[in-house]
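Student: Per the UniProt record's numbering, residue 1 is the first one in the sequence shown, and the count goes up by one each step. Yeah, the Cβ is synthetic: ideal placement off N, Cα and C, and Gly gets one too. Mind looking over this structure? Questions follow.
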Amino acid sequence: MKRASLMWKAMALASSPKESNPTMAAFPRSLSSMAASIGGLAVFLVIASLLLVSYPIGSTVSGYFYGMDSTGQVDLPIFEDNQSSIDRGHDNDVDVVDKDSSSGSDLKVLISLGGVNNNSVNVSDSKPGSDLQESTTGARKEEESSFKDGSVALSFKENDVDKGSEERSSDAASADSKSGAKSDVSAVPSNASKTGSDDPGCDLYRGSWFYDSLGPLYTNNTCPVLTQMQNCQGNGRPDKEYENWRWKPSQCNLPRFDAKKFLELMRGKTIAFIGDSVARNQMESMLCLLWQVEAPKNQGNKKMQRYFFRSTSTMVVRIWSSWLVHQTSEPIDFAPEGVVKLHLDAPDEHFMEFIPSFDVIVLSSGHWFAKQSVYVLNNEIVGGQLWWPDKSRPMKINNIEAFGISVETILTSIATHPNYTGLTILRSYSPDHYEGGAWNTGGSCTGKEKPLAPGELVENSFTDIMHKKQIAGFDRAIKKATDKSKLKLMDITEAFGYRHDGHPGPYRSLDPNKLTKRGPDGKPPPQDCLHWCMPGPVDTWNELVLEIIRREFSSSQSSSV
């Protein structure tokens, strides 16, 4: 009994501190709560891991911000002649392309326009950790053009292109010292005309191409109006780096396209892309960029494509016009019915009736002047392309001269229109890259995976002379423009001469049996080296359009104060 009594007292003493010390009493309960919390966290982590495997965070975040996941598709009503179908093959919107033939950005290479300039380059878009690597240089062959069999036939001759050496930019070097990046940046002058420039302190068209691993703002899966012929990834193109090269002006920054900013600047306004299939290419790029923040309403009809962005009442329009001037098939003098006649001194009336309702017009033309047509001035036949039956009659103008006249005509007609006070942007001649021949004589851009480096540019004499005639036509129109008219030149020709990697090449369709490599005889497969992949270099054009609009609207607001 004594031993039992002692044991009872010991138990009483042991239990006494628990009753008098609340901290000690609570300890077992805290330990159990911690165990429960740890168990709950483990269950959460397991569930979260399964969710991340099923739904990658990139597409989830994209869907949150853009309102569309990576596979989102929007069904649009497709009107007759409204060429916004997703799954479309060749149409009449094709320029010189054979219709019947089968959190830190990793900046790599900066490729600049020929020659050396000591102006500094400040790559402000780069983040710490960017990596700039030197690109190689070399010599390429020079193209000379002649007309043969309905197209531009190209021949080659050896010509060393001495564009000068590359120098390190002090600004880029300074930026690299902070980020640990290696750079070899050369900012060099171009032959781009500055006519109509609204900011002499910064030439947007002199600069460099740099690789930005942040990539494009959309993919071929997030743009439902992307023409299949330009859907390079959807058509099986195996490489993707061509999507990542961005343009950097030497003396200023060209920001990434900001869709919300564009829509706000264009609030209550209409932008119209008028011209050939390259105009369609640019318009679809604009739609793809804007689609990432808002899906527009298709209000198109037989005369034009129209997409309405409800949030800002902004309209994006596209009107087809092959030559931008009046055309007819009616017989004139010795030119019979059926052959296209171009009245080079009269604008295309099919879109001129609409221009008072436009606030910004972007023009595109040139490539159709390689096609058969008859040239008329003052109701007199003065020349022709692939058509001149009477060899005893001398032609007064050829297709190159005709192009220059057409540019002057359309710009003057718009700039002097009594009811149009908007901004007109002439996008300069878009270079093609058919190497070794023309589009129908074995020309090829297959296997080009990055921009040309300085000294590697293939000089295309046809592109050069078309560009010069276009600039001359622009200059003449400027002299005739009224005070209220605003004409701007978006001079992309030389910069985009380096982007032979940006075309669809043989990846023009979904056809699983399409040829993508040269045959046993060395003949290249049918391909498109004129239009641009989307996403791709063409998106830069709309970055430039946004910057031109921003400058113009800012200037107008400042002058009105």
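R551 by DSSP, collapsed to three states: which one?
Tutor: As a first step, residue 551 is located in the sequence shown; it is residue number 551 there, counting from the start. Helix at R551.
Student: Tell me whether L263 sits in a helix, a strand or coil according to DSSP, three-state version.
Tutor: Position 263 of the sequence shown, counted from the first residue, corresponds to residue 263. Of the three classes helix, strand and coil, the one that applies to L263 here is helix, per DSSP.
Student: Taking R237 as part of the beta strand (DSSP E), name the residues at either end of that continuous run.
Tutor: Start at 1 with the first residue of the sequence shown, and residue 237 comes out as number 237. Segment: none, R237 is in no beta strand (DSSP E) and carries neither H nor E.
Student: Among the residues of its own chain, which have a CB less than 8 Å from the CB of E264, if the five just before and after it don't count?
Tutor: By 1-based counting over the sequence shown, the position of residue 264 is 264. Here the set comprises T312.
Student: At which residues does the alpha helix (DSSP H) containing F404 begin and terminate?
Tutor: One-based indexing of the sequence shown puts residue 404 at position 404. With the sequence shown as reference, residue 404 is identified as Gly, and Phe is not the correct amino acid for it. Taken as a continuous stretch (DSSP letters only), the alpha helix (DSSP H) holding G404 covers 399-415.
Student: Rounded to a whole number of angstroms, what is the C-alpha to C-alpha distance between P526 and P506?
Tutor: Here residue 526 refers to the residue found at position 526 of the sequence shown. Here residue 506 refers to the residue found at position 506 of the sequence shown. Using only the alpha carbons, I get a separation of about 6 Å.
Student: Using the three-state DSSP reduction, which class does F358 fall into: helix, strand or coil?
Tutor: Here residue 358 corresponds to residue number 358 of the sequence shown, with the count starting at 1. F358 falls in the coil class under three-state DSSP.
Student: If you measure between the beta carbons of E408 and R476, is that distance less than 7 Å?
Tutor: Against the sequence shown, residue 408 aligns to sequence position 408. Against the sequence shown, residue 476 aligns to sequence position 476. Yes, the pair counts as a contact, with Cβ atoms nearer than the cut-off.
Student: Give the straight-line distance between the Cα atoms of T482 and L423, rounded to the nearest whole angstrom.
Tutor: Position 482 of the sequence shown, counted from the start, is the residue given in the question as residue 482. Position 423 of the sequence shown, counted from the start, is the residue given in the question as residue 423. Distance between the alpha carbons of T482 and L423: 13 Å.
Student: Do L489 and L426 have their beta-carbon atoms positioned less than 7 Å apart in this structure?
Tutor: As a first step, residue 426 must be located in the sequence shown, where it is residue number 426. As a first step, residue 489 must be located in the sequence shown, where it is residue number 489. It is a contact, given that the beta carbons lie within the stated cut-off.
Student: For L544, name the three-state secondary structure that DSSP assigns.
Tutor: By 1-based counting over the sequence shown, the position of residue 544 is 544. In the structure shown, L544 sits in a helix (DSSP, three-state: H, G or I).
Student: Pull up the distance between the alpha-carbon of W209 and that of L452, whole angstroms please.
Tutor: For the purposes of this step, residue 209 is identified with residue 209 of the sequence shown, where counting begins at 1. For the purposes of this step, residue 452 is identified with residue 452 of the sequence shown, where counting begins at 1. Computed Cα separation, rounded: 10 Å.
Student: Taking 7 Å as the threshold (C-beta atoms), are C223 and C288 in contact?
Tutor: Taking the first residue of the sequence shown as position 1, residue 288 is located at position 288. Taking the first residue of the sequence shown as position 1, residue 223 is located at position 223. Cβ atoms of C288 and C223: closer than 7 Å.
Student: Along the chain, which unbroken stretches of the alpha helix (DSSP H) at least 4 residues long are found entirely within the stretch 325-387?
Tutor: 349-352
Student: Can you tell me whether DSSP reads K484 as helix, strand or coil?
Tutor: Within the sequence shown, numbered from 1, the residue matching residue 484 stands at position 484. Reduced to three states, the DSSP call for K484 is coil.
Student: Where does S392 land, buried or exposed, given buried means 16+ other C-beta within 10 angstroms?
Tutor: If you number the sequence shown from 1, residue 392 lands on position 392. Result: exposed.
Student: Taking the C-alpha atoms as reference points, what is the distance between I414 and V339?
Tutor: For the purposes of this step, residue 414 is identified with residue 414 of the sequence shown, where counting begins at 1. For the purposes of this step, residue 339 is identified with residue 339 of the sequence shown, where counting begins at 1. Distance between the alpha carbons of I414 and V339: 27 Å.
Student: Measuring straight from C-alpha to C-alpha, what distance separates W291 and N221?
Tutor: Translated into positions along the sequence shown, residue 291 becomes position 291. Translated into positions along the sequence shown, residue 221 becomes position 221. Computed Cα separation, rounded: 12 Å.
Student: DSSP state of Y242, grouped into three classes?
Tutor: Working through the sequence shown from its first residue, we reach residue 242 at position 242. Helix at Y242.
Student: Determine contact between the stretch 367-377 and the stretch 342-350, defined as no fewer than three beta-carbon pairs at a distance below 8 Å.
Tutor: yes
Student: Based on Cα-Cα distance, which residue from E243, F354, W439 lies nearest to T421?
Tutor: In the sequence shown, residue 421 corresponds to position 421, counting from 1. It is F354 whose Cα lies nearest to the Cα of T421.
Student: Per DSSP, what kind of secondary structure is T493 in: helix, strand or coil?
Tutor: Taking the first residue of the sequence shown as position 1, residue 493 is located at position 493. T493 falls in the helix class under three-state DSSP.
Student: Run the CB neighbour count on K517, radius 10 Å, all protein chains shown included, and call it buried at 16 or more, exposed below.
Tutor: Mapped onto the sequence shown, residue 517 falls at position 517. Burial call: exposed.
Student: Kindly give me the distance between the Cβ atoms of P504 and M286, rounded to whole angstroms, as I take these residues to be in contact under 8 Å.
Tutor: As a working note, residue 504 is residue 504 in the sequence shown. As a working note, residue 286 is residue 286 in the sequence shown. The pair is not a contact, with the Cβ atoms about 19 Å apart (cut-off 8 Å).
Student: Is E330 buried or exposed, if buried means 16 or more other CB atoms sit within 10 Å of its CB?
Tutor: Along the sequence shown, one-based indexing puts residue 330 at 330. Exposed, by the Cβ-count rule.
Student: In this structure, what does DSSP give as the bridge partners for S213?
Tutor: In the sequence shown, the residue the question calls residue 213 occupies position 213. Looking at the DSSP assignment, S213 forms no beta bridge with any residue, so it has no partner.
Student: Name the residue from S555, K479, L226 whose alpha carbon lies nearest to the alpha carbon of T416.
Tutor: Your numbering for residue 416 matches position 416 in the sequence shown. Residue K479 holds the alpha-carbon nearest to the alpha-carbon of T416 among S555, K479, L226.
Student: According to DSSP, is G502 part of a helix, a strand, or is it coil?
Tutor: Reading the sequence shown from its first residue, position 502 is the one you call residue 502. The answer is helix: DSSP assigns G502 an H, G or I state.
Student: For N244, which residues from the same chain have a beta carbon less than 8 Å from its beta carbon, with the 5 sequence-adjacent residues on both sides left out?
Tutor: One-based indexing of the sequence shown puts residue 244 at position 244. These residues qualify, in order along the chain: Y211, D212, S213, L214, G215, P216.
Student: Three-state secondary structure (DSSP) at N513?
Tutor: Along the sequence shown, one-based indexing puts residue 513 at 513. Looking at N513 - three-state DSSP - the assignment turns out to be coil, as it is neither helix nor strand.
Student: Helix, strand or coil, according to DSSP, for L289 in the structure here?
Tutor: Reading the sequence shown from its first residue, position 289 is the one you call residue 289. Helix at L289.
Student: What separation, rounded to the nearest whole angstrom, lies between the Cα atoms of G437 and D528?
Tutor: As a position in the sequence shown, residue 437 is number 437, starting the count at 1. As a position in the sequence shown, residue 528 is number 528, starting the count at 1. Their backbone Cα atoms lie some 13 Å apart in a straight line.
Student: Which of the three DSSP states, helix, strand or coil, is assigned to D528?
Tutor: Within the sequence shown, numbered from 1, the residue matching residue 528 stands at position 528. D528 falls in the strand class under three-state DSSP.
Student: By the 10 Å Cβ neighbour count, where 16 or more other Cβ atoms means buried, how is Q372 classified, buried or exposed?
Tutor: In the sequence shown, the residue the question calls residue 372 occupies position 372. Result: exposed.
Student: Spatial neighbours of W388 within its chain, please: C-beta separation below 7 Å, excluding the five flanking residues on both sides.
Tutor: The residue you call residue 388 lines up with position 388 of the sequence shown. The residues M395, in chain order, have a CB closer than 7 Å to that of W388 in the same chain once the five nearest residues on each side in sequence are set aside.
Student: Mind the definition here: the stretch 258-277 touches the stretch 300-317 only if three or more C-beta pairs lie below 8 Å; say whether that holds.
Tutor: yes
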